[in-house]
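Under the numbering used here, the first residue of the sequence shown carries the number 29, and numbering increases by one thereafter.
Report on the following structure.
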Amino acid sequence: MWQIVEDDLSGAAIRALLEVHFSGMLANSPPGSCHFLDFDGLNAPDVTFWSIHCGGELAGCGALKMLDARHGEIKSMRTAESYLRRGVAARMLEHILTQARRRGLERLSLETGSGEAFAPAIALYRRFGFVDCPPFGDYRPDPFSRFMTRRL
Numbered sequence: 029m030w031q032i033v034e035d036d037l038s039g040a041a042i043r044a045l046l047e048v049h050f051s052g053m054l055a056n057s058p059p060g061s062c063h064f065l066d067f068d069g070l071n072a073p074d075v076t077f078w079s080i081h082c083g084g085e086l087a088g089c090g091a092l093k094m095l096d097a098r099h100g101e102i103k104s105m106r107t108a109e110s111y112l113r114r115g116v117a118a119r120m121l122e123h124i125l126t127q128a129r130r131r132g133l134e135r136l137s138l139e140t141g142s143g144e145a146f147a148p149a150i151a152l153y154r155r156f157g158f159v160d161c162p163p164f165g166d167y168r169p170d171p172f173s174r175f176m177t178r179r180l
């Protein structure tokens, strides 16, 4: 049974998963090209962070950052290693899309890496209707970044 809950990032399991996320980003892109939110950033007032669980076990996470009243950004999508290729990311992405629509957002965007390690994430986003776009918000062009967006 899958359960998605708003998470305050205080639990050891979610903190460990996010440490894996941070390390993975830094292992696949230069530090200046890594745009993940740290723990403080994920606890900011304009960010809502969720964890997804299966049978009480942490399976993944994701967040929605409000850029303005009509535009949101997906942040910190990560699946726990033992749950890869089991639909966790798709469930979380569906949840974020639903929450964005409930908030009245018109557009949802994201930044992800451009290297081979990010190919599964890019394929997932494309499957959900995201298309490439120019940098948005405070982002600047970067060969290690791919920017994607979709209308809601």
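Cβ coordinates follow ideal geometry from the N, Cα and C atoms, glycine included.
On a predicted model such as this, the values are computed, not experimentally measured, just so you know.
Query raised in the report: Taking only runs of the beta strand (DSSP E) that begin and end inside the segment 55-86, which ones reach a length of at least 3 residues, in chain order?
Result: 75-82
Query - Backbone secondary structure at residue 92 - three-state DSSP - result: strand
Query raised in the report: What do you reckon, are the CB atoms on residue 90 and residue 102 nearer than 8 Å?
Result: yes
Query raised in the report: Which same chain residues, not among the five before or five after residue 13, have their C-beta less than 7 Å away from its C-beta?
Result: Shown here, the chain extends from 29 to 180; a query on residue 13 therefore has no answer.
**Report entry** Counterpart residues of residue 123 in DSSP-defined beta bridges
**Finding:** Residue 123 is not bridged to any residue.
Report task. Identify which residue in 121, 115, 109, 68 has its Cα closest to the Cα of residue 36. Result -> 68
Query raised in the report: Thinking C-beta only, is residue 171 closer than 8 Å to residue 142?
Result: yes
Report task. Ignore the nearest five residues each way along the sequence and tell me which others in residue 165's own chain have a CB closer than 6 Å to its CB. Result -> 95
Query raised in the report: What is the DSSP secondary structure of residue 52, reduced to helix, strand or coil?
Result: helix
Requested in this report: Flag residue 100 as yes when its Cβ comes closer than 7 Å to any non-hydrogen atom of the ligand NAD, and as no otherwise.
Outcome: In terms of ligand content, the structure shown is empty, and the ligand NAD therefore cannot be addressed.
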